[in-house]
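Trainee: Heads up: the sequence shown is residues 32 to 729, going by the numbering used here. Don't be surprised by glycine CBs; every beta carbon is placed ideally from N, CA and C.
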Amino acid sequence: MASVPTRDAGTTVRTTCPRDCYDACGIIVHVDGTKVRVAGDPQHPVSRGHLCGKCSSAYNGPWLDRSARLSEPLIRTGPKGKGSFRTATWDEALDRCATHLRPLLDAGHGSKILHTHYTGTVSLLAGGYPMRFFHAVGATEVDPDTVCNKAGHVALDYVLGTSTWGFDPRWIDQAATVVVWGANPSAAAPHTHRHWLRRATGTTIVIDPLRHATAEAADIHLALRPGSDAALAFGLLHVAWRDGLLDTDVLEHHSTGWPELLPDVEAATPAITSERTGVPAELIDEVGRRYAAGPSLLWLGQGMQRQPMGGNAFRAAAALAVATGNTTRPASGIYYLNGAETRGIDGDVVTRPDLAPGPIPSISHMDLAAALATPDRFAALVTWNNNIVASNPQQEALRAGLGREDLFHLAVELFATDTVDYADVVLPAASFLEFDDIVASYFDWSVSPQVAAVPAPGSAVPNQEVFRRLASALGLDHPALHEPDRPILDRLLAGCGSGLDFASLAAAGTVGPVDPPSVQFPGGRFPTPSGRAELASGRAEADGHPRTPFPHFDEAPPDGWLRVLSPASPRRMNSTYGNDPLGDRAEPAPEVWLHPGEAAARGVGEGDPVELYNPTGCLPVTVRLSDGVPTSVALVYKGRWPKRERSGVNVNILNPGVPTDMGESSSVHGVHAQLRPASEPSELRRDWPEPTSGTGPG
Ligand SMILES: Nc1nc2c(c(=O)[nH]1)N[C@H]1C(S)=C(S)[C@@H](COP(=O)(O)OP(=O)(O)OC[C@H]3O[C@@H](n4cnc5c(=O)[nH]c(N)nc54)[C@H](O)[C@@H]3O)O[C@H]1N2
Ligand SMILES: Nc1nc2c(c(=O)[nH]1)N[C@H]1C(S)=C(S)[C@@H](COP(=O)(O)OP(=O)(O)OC[C@H]3O[C@@H](n4cnc5c(=O)[nH]c(N)nc54)[C@H](O)[C@@H]3O)O[C@H]1N2
Ligand code: SF4
Ligand SMILES: [Mo]
32 MASVPTRDAG TTVRTTCPRD CYDACGIIVH VDGTKVRVAG DPQHPVSRGH
82 LCGKCSSAYN GPWLDRSARL SEPLIRTGPK GKGSFRTATW DEALDRCATH
132 LRPLLDAGHG SKILHTHYTG TVSLLAGGYP MRFFHAVGAT EVDPDTVCNK
182 AGHVALDYVL GTSTWGFDPR WIDQAATVVV WGANPSAAAP HTHRHWLRRA
232 TGTTIVIDPL RHATAEAADI HLALRPGSDA ALAFGLLHVA WRDGLLDTDV
282 LEHHSTGWPE LLPDVEAATP AITSERTGVP AELIDEVGRR YAAGPSLLWL
332 GQGMQRQPMG GNAFRAAAAL AVATGNTTRP ASGIYYLNGA ETRGIDGDVV
382 TRPDLAPGPI PSISHMDLAA ALATPDRFAA LVTWNNNIVA SNPQQEALRA
432 GLGREDLFHL AVELFATDTV DYADVVLPAA SFLEFDDIVA SYFDWSVSPQ
482 VAAVPAPGSA VPNQEVFRRL ASALGLDHPA LHEPDRPILD RLLAGCGSGL
532 DFASLAAAGT VGPVDPPSVQ FPGGRFPTPS GRAELASGRA EADGHPRTPF
582 PHFDEAPPDG WLRVLSPASP RRMNSTYGND PLGDRAEPAP EVWLHPGEAA
632 ARGVGEGDPV ELYNPTGCLP VTVRLSDGVP TSVALVYKGR WPKRERSGVN
682 VNILNPGVPT DMGESSSVHG VHAQLRPASE PSELRRDWPE PTSGTGPG
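#1: Enumerate in chain order the residues of its own chain whose CB-to-CB distance from P712 is below 6 angstroms, with the five nearest sequence positions on each side excluded.
#2: Are the beta-carbon atoms belonging to H222 and C83 less than 9 angstroms from one another?
#3: Does the distance between the C-beta of I419 and the nearest non-hydrogen atom of ligand 1 fall short of 8 angstroms?
#4: With H, G and I counted as helix, E and B as strand and the rest as coil, what does DSSP make of A573?
#5: On the three-pair Cβ rule with 8 angstroms, is the region 303–323 touching the region 248–261?
#6: Under 9 angstroms between the Cβ atoms of N417 and T150?
#7: Have a look at A400 and R430 and give me their C-alpha separation to the nearest angstrom.
#8: Note down the Cα distance separating R107 from F439, rounded to an integer number of angstroms.
#9: Say yes only if the C-beta of V482 is nearer than 8 angstroms to one or more non-hydrogen atoms of ligand 4, and no if none qualify.
#10: For V680, I'd like the list of residues in its chain whose CB is within less than 7 angstroms of its CB, leaving aside the five on either flank, ordered along the chain.
#11: Q10 by DSSP, collapsed to three states: which one?
#12: Nearest-angstrom Cα distance between D516 and T382?
#13: Could you work out which residue in Q74, P104, G159 is closest to Q495 when comparing CA atoms only?
#14: Determine the DSSP secondary structure at W202, reduced to helix, strand or coil.
#15: Comparing the CB of L82 with every heavy atom of ligand 3, is any distance shorter than 8 angstroms?
#16: Quick one, which of R716, P388, N369 has its alpha-carbon nearest P200's?
#17: Measure the CB-CB distance between Q481 and P361 and report whether it falls below 9 angstroms.
#18: DSSP has G364 in a bridge; who is on the other side?
#19: Look up Q763 in the DSSP assignment and say whether it is helix, strand or coil.
#20: Run through the DSSP bridge pairs and tell me what Y690 is partnered with.
#21: Roughly how many angstroms separate the alpha carbons of R556 and H285, rounded to a whole number?
#22: Which residue marks the beginning of the alpha helix (DSSP H) containing Q495, and which one marks its end?
#23: Going by DSSP in three states, G562 sits in which element: helix, strand or coil?
#24: Using the three-state DSSP reduction, which class does S87 fall into: helix, strand or coil?
#25: What whole-angstrom Cβ distance do A410 and L135 have, given they're in contact under 8 angstroms?
#26: Within a Cβ cutoff of 6 angstroms, which residues of the same chain sit near S363, ignoring the five residues on either side of it in sequence?
#27: Would you identify the three-state DSSP class for C128, choosing helix, strand or coil?
#28: Just tell me which of W196, G528, I58, T405 has its CA closest to the CA of A70.
#29: Could you check whether V654 and E676 sit closer than 9 angstroms to each other, using their CB atoms as the reference points?
#30: Enumerate in chain order the residues of its own chain whose CB-to-CB distance from L613 is below 7 angstroms, with the five nearest sequence positions on each side excluded.
#31: Helix or strand or just coil, what does DSSP make of V168?
#32: Could you tell me if S115 is buried or exposed, where buried requires 16 or more neighbouring beta carbons within 10 angstroms of its beta carbon?
#33: Does the Cβ of E444 lie closer than 8 angstroms to at least one heavy atom of ligand 1?
#34: To the nearest angstrom, how far is the alpha carbon of G530 from that of A537?
#35: Please state whether the Cβ-Cβ distance between D658 and H626 is less than 9 angstroms.
#36: DSSP state of V318, grouped into three classes?
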């Protein structure tokens, strides 16, 4: 059993935010009797004493509010989707799970157990330990990255041989240019936006259809048309080639395939690229020259690859970086994600893929709704660390699949989300404030302790303990399914070479890298099969893709249609915090942001109720105006809870789930919709109970 320590009055605990966020902020939890306050750690190099607004609100609100949290196991009493439950003991709830899951295992049908998970928490144990259970029973995994960033991973792996070994952010003040391409740090990485980007001494360039706050603060903003990134990369390559700024050593000795790209590069003049992308030719010229001259850091955002040809766009951008020598010299590099391996941490220590009886079966998130709707394909579903009803495409079809009476559904959650409402059994998870773990930022190369500060509500336990108990209920006795937390945490840290165990990390707080930052691919050696950067890729070709990237740009939406972009909201973390009443004050109704010209042409104005609709679904929204949004685009932030809206839907009601060109991943920024006036305003359900806030763990 996990024991959750109780703190004496008047203590402070130093811990770390484990949300799916670049920043991995340091936190101080002040505990005084039943009063708890969660605040930024003034000593932390990233958060510098501040949490983002959304976490500051939620961690002092619903996360401490026992009436808002799930605190006891639940068993369904009404129709699926209605959220009707009674409380149960752990024994009864686990027995119920065993009744449904054990026969599947006995019949050798472990693969009929489907599980979906993502980054509800990115701490290493709570994010990874449940995988041991699923590996051991041979379950089918919904490939987690396919809802987020798989296209980019696949594409970068073809070119560079890795997508998780990015530049070291400490180069920031030595780079001549810093390019943020298809990311919005001002929302998705607020402290990195505020502090890290400000340390840039070179030119800052943002490439994004939206003029968000990071674009606003940049020296140059290329407001390209959505879906024209590959064409732009070729245009920038053209300028570098034309002006003799390519790295000939890299092209001749450390990469493959340049001659195959050259015809498309030669043709991509600034004038042609301007037509393809909507970016003025003189800016293409200027950015092409600056970037190539370098040294340049290139942050490839996850938003950029979330489009139908996202894989091709990433390969083209990576080719630009490689060919200009901007991955092989100091203060240059590409960043997509920095995996824990950059710190010597081996995630397999936690997840133990070796426990699987054979290859791990998997499907894409883009196929989840169809898979659930197919009778007999899967008999059981486990959802943990995600909220698929709010976050996945094909919202309506997904609900139909989840509503199947013959599908046994176990949900492991902190809150009663839309997804939880479909479950047969709900097991309450403890939050990061309530157990020890490790957080390895996916931006900087730090390692941070997550330290238990308050007791979990009721009988909630961390994910890892949930799955230890489930293993026991199923009679699974492999020691790896019952290993306690602490030895695993210590083993993870042993790989870091920092000489720390968990106790000393907890005492030290965040530790950063000590060696000076190194070149991303020193000596021009890339971890691809050829040892070179593969601008032309036989592996890609064998997988059915073109050998080389090409200057693709999406056609403009058909007449009267809008391209819906639904990126990160500054007020929510995906759908996490969609239940925080404080967020409602800033955004009481679901909104669509339009360019004033676009709105005027359609005869709608600020505050008007409208509907976005397409063959997949219909979303009621209120019009907001901003000239930071281009024409032909509808901006709707992601992450509202469908069950809180009067309409019962969020933006994913519009998403048909078209897979990307690579990785069968999400192309959610490529959704098209039409717009019509609505008679009723979009608004929150009026009968939503107002949770009490910040009552402490008592
Ligand atoms: N329209 C649109 N949709 C999108 C996107 C988009 O850009 N536009 N982005 C996509 C992307 S990038 C992503 S990553 C996905 C994210 O989608 P999801 O992975 O579904 O993320 P959340 O919606 O935040 O759900 C995480 C859940 O985990 C729970 N949780 C937090 N901590 C714990 C814990 O310790 N244990 C357990 N068991 N649960 C915990 C939270 O309460 C929350 O309900 O959404 C995708 N959906
Ligand atoms: N506050 C907050 N922070 C978050 C999250 C959150 O939901 N809220 N989610 C977390 C998660 S899971 C993720 S994956 C990251 C995501 O964070 P980001 O990597 O920033 O991704 P997005 O927010 O999806 O989109 C970023 C930008 O991509 C742009 N974009 C859309 N289409 C195109 C295109 O065709 N070309 C180009 N160049 N740009 C395009 C959008 O306009 C947007 O400004 O943020 C993490 N941090
Ligand atoms: S979500 Fe990001 S910015 Fe907010 S507190 Fe957590 S790590 Fe910091
Ligand atoms: Mo994501």
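Mentor: Inspection of the coordinates gives the following:
#1: Here residue 712 refers to the residue found at position 681 of the sequence shown. P640, listed in sequence order.
#2: Here residue 222 is taken as the residue at index 191 of the sequence shown, counted from 1. Here residue 83 is taken as the residue at index 52 of the sequence shown, counted from 1. Closer than 9 angstroms, so yes.
#3: Taking the first residue of the sequence shown as 1, we reach residue 419 at position 388. Yes, Cβ of I419 sits closer than 8 angstroms to a heavy atom of ligand 1.
#4: As a working mapping, residue 573 is identified with position 542 in the sequence shown. For A573, the three-state secondary structure derived from DSSP is helix.
#5: yes
#6: Stepping through the sequence shown from its first residue, residue 417 is reached at position 386. Stepping through the sequence shown from its first residue, residue 150 is reached at position 119. Closer than 9 angstroms, so yes.
#7: Mapped onto the sequence shown, residue 400 falls at position 369. Mapped onto the sequence shown, residue 430 falls at position 399. Approximately 8 angstroms, taken between the alpha carbons.
#8: As a first step, residue 107 is located in the sequence shown; it is residue number 76 there, counting from the start. As a first step, residue 439 is located in the sequence shown; it is residue number 408 there, counting from the start. Each residue's Cα considered, the two are about 11 angstroms apart.
#9: Numbered from its first residue, the sequence shown carries residue 482 at position 451. V482: no, Cβ never under 8 angstroms from ligand 4.
#10: Residue numbering aside, residue 680 sits at position 649 when the sequence shown is read from its first letter. Taken in chain order, the residues that qualify are Q426, G648, L650, P673.
#11: In the structure displayed, the chain extends from 32 to 729; residue 10 sits before or after that span and is not available.
#12: Walking along the sequence shown from the start, residue 516 turns up at place 485. Walking along the sequence shown from the start, residue 382 turns up at place 351. In a straight line, the C-alpha of D516 is about 13 angstroms away from that of T382.
#13: As a first step, residue 495 must be located in the sequence shown, where it is residue number 464. Among Q74, P104, G159, the Cα nearest to that of Q495 is on G159.
#14: Walking along the sequence shown from the start, residue 202 turns up at place 171. If DSSP states are grouped into helix, strand and coil, W202 belongs with the helices.
#15: In the sequence shown, the residue the question calls residue 82 occupies position 51. Checking every heavy atom of ligand 3 against the Cβ of L82, one is found closer than 8 angstroms.
#16: Here residue 200 corresponds to residue number 169 of the sequence shown, with the count starting at 1. That would be N369, whose Cα lies nearest to the Cα of P200.
#17: Your numbering for residue 481 matches position 450 in the sequence shown. Your numbering for residue 361 matches position 330 in the sequence shown. No. Outside cutoff.
#18: Translated into positions along the sequence shown, residue 364 becomes position 333. For G364, which the question treats as bridged, DSSP gives the partners L328.
#19: Only positions 32 to 729 of the chain appear in this structure, which leaves residue 763 out of reach.
#20: On the sequence shown, residue 690 is found 659 positions in, with the first residue counted as 1. In the sequence as presented, Tyr is not what sits at residue 690; that position holds Pro. S697, per the DSSP bridge assignment.
#21: Your numbering for residue 556 matches position 525 in the sequence shown. Your numbering for residue 285 matches position 254 in the sequence shown. Between R556 and H285, the C-alpha separation is close to 7 angstroms.
#22: Indexing the sequence shown from 1 puts residue 495 at position 464. Start and end: 494–504.
#23: Position 531 of the sequence shown, counted from the start, is the residue given in the question as residue 562. Here G562 sits in coil by DSSP.
#24: Counted from its first residue, the sequence shown places residue 87 at position 56. Residue state, collapsed to three classes: helix.
#25: Counting from one through the sequence shown, the residue named residue 410 turns up at place 379. Counting from one through the sequence shown, the residue named residue 135 turns up at place 104. Yes, A410 and L135 are in contact; Cβ-Cβ is about 6 angstroms, under 8 angstroms.
#26: Working through the sequence shown from its first residue, we reach residue 363 at position 332. The residues are G325, P326, S327, N357.
#27: Within the sequence shown, residue 128 is the residue found at index 97, counting from 1. Helix.
#28: In the sequence shown, residue 70 corresponds to position 39, counting from 1. It is I58 whose Cα lies nearest to the Cα of A70.
#29: Translated into positions along the sequence shown, residue 676 becomes position 645. Translated into positions along the sequence shown, residue 654 becomes position 623. For E676 and V654, no; Cβs fall outside 9 angstroms.
#30: Residue 613 sits at position 582 when you count from the first residue of the sequence shown. Excluding positions up to five away in sequence, the list reads S88, G92.
#31: Start at 1 with the first residue of the sequence shown, and residue 168 comes out as number 137. Helix at V168.
#32: The residue given as residue 115 occupies position 84 in the sequence shown. With fewer than 16 Cβ atoms within 10 Å of its Cβ, S115 is classed as exposed.
#33: Residue 444 sits at position 413 when you count from the first residue of the sequence shown. Yes, ligand 1 has a heavy atom inside 8 angstroms of this Cβ.
#34: Here residue 530 is taken as the residue at index 499 of the sequence shown, counted from 1. Here residue 537 is taken as the residue at index 506 of the sequence shown, counted from 1. So the alpha carbons of these two residues sit roughly 13 angstroms apart.
#35: Residue mapping note: residue 658 aligns to position 627 of the sequence shown, counting from 1. Residue mapping note: residue 626 aligns to position 595 of the sequence shown, counting from 1. Yes, the Cβ-Cβ distance between D658 and H626 is below 9 angstroms.
#36: To locate residue 318, count along the sequence shown from 1; it is residue 287. DSSP places V318 in helix when its eight states are reduced to three.
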